[in-house]
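Each residue of the sequence shown is one higher than the one before, counting from 234 in my numbering. C-beta: ideal position from N, C-alpha, C; glycine also. Owing to the predicted nature of the structure, the values given are computational and were not obtained by experimental measurement.
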Amino acid sequence: MHYIVSLVIQLHRSEQGCYCVRPVEDDESSYASGDESDEESDSEQDTHIGEEDNPMQDESEFGLLSGPWLELSEALFQLSMMFWTYRDPAGDMSSSTIIYYTAVMGIQRRSMSYHSAHNSTPGLAALMWIGRALFLEYALPLYRYSTLAYHWPSRDQYSSQPERLEAIRQKYLMRGCYTPFGELIELKAFAKSIVRQEDMPGNLSWAPDGGSTYH
């Protein structure tokens, strides 16, 4: 955490410009810097920018971070995965940061009362979707994480990517495993059981004639 704070302070004090993703509106010469010729017409530059926006181009075009921004992004991802891969041998997940955040999500901001089971399941589902996306990058990184103290290999370094993904899934993403994601599965299943007992809330909609409603 101290390392991340130091990177943020360094970026804040830096006067070297932005290392982040470069929008299309930026100086077009930055896109043509790697070309063989430094003298291109405006039309050629526009064509080159269009090629940069093509998702079917070489995957190396997605490596748009560099310097302190790259270090910060990799450090933040590592911190996020520390939260998601937290394991408690005793099965007590109350000390998990993810589960603590989930508990806060269940409280309504204005009334300070709990959300109903029907209103809480969408938030849980969204959090689980984010978790799966992060675990996919954690299991099979697109690029090698080289700024961390212990480098993370890219997906190309694994002899069998399906086996690597399956190993991560069984360790962290299964129901019954002592991980934040396993606890989220239990919480969502419990909320859905309450929804089935209480029935779905009424849904009032306009009829096709526009003059009446139905539910």
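Among the options, the one whose alpha carbon lies nearest that of residue i
i: Gly364; options: Leu381, Gly339 and Glu416; result: Glu416
i: Leu369; options: Pro301, Ser445 and Gln403; result: Gln403
i: Asn323; options: Glu419, Thr412 and Asp442; result: Here the sequence assigns Ala to residue 323, which means Asn is not the residue at that position. Nearest C-alpha to Ala323: Thr412.
i: Trp317; options: Val337, Ser344, Pro355 and Met361; result: Met361
i: Val428; options: Thr354, Thr380 and Ser438; result: Thr354
i: Ala350; options: Tyr334, Trp439, Asp442 and Ala422; result: Ala422
i: Trp385; options: Arg320, Met407, Ala308 and Ile331; result: Ala308
i: Tyr334; options: Leu357, Leu406 and Ser438; result: Leu357
i: Tyr405; options: Phe310, Ala366, Tyr319 and Leu303; result: Tyr319
Three-way DSSP call (helix, strand, coil) for residue i in this model
i: Thr330; result: helix
i: Ser438; result: strand
i: Thr446; result: strand
i: Ala323; result: coil
i: Met315; result: helix
i: Ser299; result: coil
i: Leu305; result: helix
i: Tyr411; result: coil
i: Ser247; result: coil
i: Leu406; result: coil
Own chain residues within Cβ distance below 7 Å of residue i, not counting five before or after
i: Gly212; result: In the structure as shown, the chain starts at 234 and stops at 448, and residue 212 therefore has no counterpart that could be examined.
i: His348; result: Gly339 and Gln341
i: Leu398; result: Ala372 and Leu373
Contact set for residue i: own chain, Cβ-Cβ below 6 Å, skip 5 residues either direction
i: Met314; result: Tyr371
i: Ile332; result: Met326, Pro413 and Glu416
Own chain residues within Cβ distance below 8 Å of residue i, not counting five before or after
i: Ile401; result: Phe368, Tyr371 and Ala372
i: Arg344; result: Note on residue identity: the sequence assigns Ser, not Arg, to residue 344. Nothing meets the Cβ criterion.
i: Ser346; result: Ile340
Practice task
Would you list, in sequence order, the uninterrupted alpha helix (DSSP H) runs of no fewer than 4 residues that lie entirely inside the stretch 341–403?
Solution key: 350–372
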